[in-house]
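Below is one structure; the comments refer to it alone.
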Amino acid sequence: MFEKFRQCRTKEEQINSMELAEHANNVMNTLDEGIKGLDDLDNFFGYIHQVGASHRRIPGFKVEYFWLSPPQKIEAPFLAAVESTLGDRYTPNVESIYKITIKFILETLIEGYEAAGKHPT
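In structure tokens, the structure reads:
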């Protein structure tokens, strides 16, 4: 998966990469579904754990990729998307809430990934 992205060395190549755009869309959809699912934690954990576990099928994937150290590689674009969506409603308090939320989602993805390694299907 990430091998395809490594070929995108310039901003222009990244912008024009259909694979990267599709992956970014999948990431944002997962975050969106995760946030929407927070009102039903059983479904939330089931969904996010399943997404985390599905990364076991990606050759060469490492759990660190969920954070993409430094975390700004996921957190900053996510917060920028939230800010763009909310406009004037994006306040420091809202930013703090979304930082906590994305951290919680990423930690839950990691739980699913690690659990799948202990109990392969």
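First residue of the sequence shown: 5, per the numbering used here; consecutive thereafter.
Glycine residues also receive a C-beta, built at the ideal position from the N, C-alpha and C atoms.
If you ignore the 5 residues before and after Phe48, its C-beta comes within less than 8 Å of the C-beta of Gly38, Gly41, Leu42, Thr112, all in its own chain and listed in chain order.
Separation of Gly56 and Leu24 (C-alpha to C-alpha, rounded to the nearest whole angstrom) is 19 Å.
Residues of the same chain with a CB within less than 7 Å of the CB of Gly116, apart from the 5 flanking positions on each side, are Ile52, His53, Gln54, Val55, Gly56, Ala57 in chain order. In the DSSP annotation of this structure, the continuous segment of the alpha helix (DSSP H) that includes Tyr51 starts and ends at 45 to 58.
Taking the C-beta atoms as reference points, Ile106 is found nearer than 7 Å to Glu79. Contact between Phe65 and Leu35 is absent: CB atoms are separated by about 18 Å, not below the 8 Å threshold.
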